[in-house]
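Numbering of the sequence shown is given in the numbering used here, commencing with residue 209 and proceeding in unit increments.
A short worksheet on the structure shown next.
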Amino acid sequence: MRNKKTHSVTIKKKLSKCRLIFYAHSELQYKYGCQLDSSSEIAEIKCNVPIEVADVEGEFTTDFYCIKTNGEIIVRECVYKDKLLKPLTIKMLDASMNYWLSKGVADWGLVLNED
């Protein structure tokens with residue numbers, strides 16, 4: 209999850225399961241996007257999906273919203289371990305999880321770097 213106005217390194221790539229060009233805003237997001245694209249369980253990938261977050265100023269996006277081949281939806285947020293316990297990160301992740309739960313998405317999770 210990230211603030212849309214935050215400037216970061218952007219990696220651009222075409223993924224076969226993503227209708228639009230995939231814009232990764234971190235190496236972690238890029239690698240996970242490629243992993244999703246090669247998974248036989250994933251039918252469609254949506255990246256950087258806008259969400260409405262109460263109590264946090266700014267416009268935010270979810271890293272990955274995916275539709276599995278069986279029709280189930282999964283949502284994943286990419287987070288570096290060194291940022292995981294920061295108060296703003298916790299607040300943003302909690303807001304993302306609550307947003308998607310309110311939309312009926314039960315499979316929400318984190319993608320962490322391997323350090």
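Note that the Cβ used here is the ideal one computed from N, Cα and C, for glycine as well.
The shortest C-alpha to C-alpha distance from Gly266 to any of Ile281, Leu244, Leu296 is the one to Leu296. The DSSP-derived three-state label of Ala262 is coil. For Leu318, the beta-bridge partners assigned by DSSP are Glu285.
Per DSSP, Cys274 is one residue of the beta strand (DSSP E) stretching across 268-276. Counting the other CB atoms within 10 Å of its CB gives Ile298 a total below 16, which places it among the exposed residues. Within the same chain, Cβ atoms closer than 8 Å to the Cβ of Asp263 are found at Lys299, Ala303, the five residues on either side in sequence being excluded.
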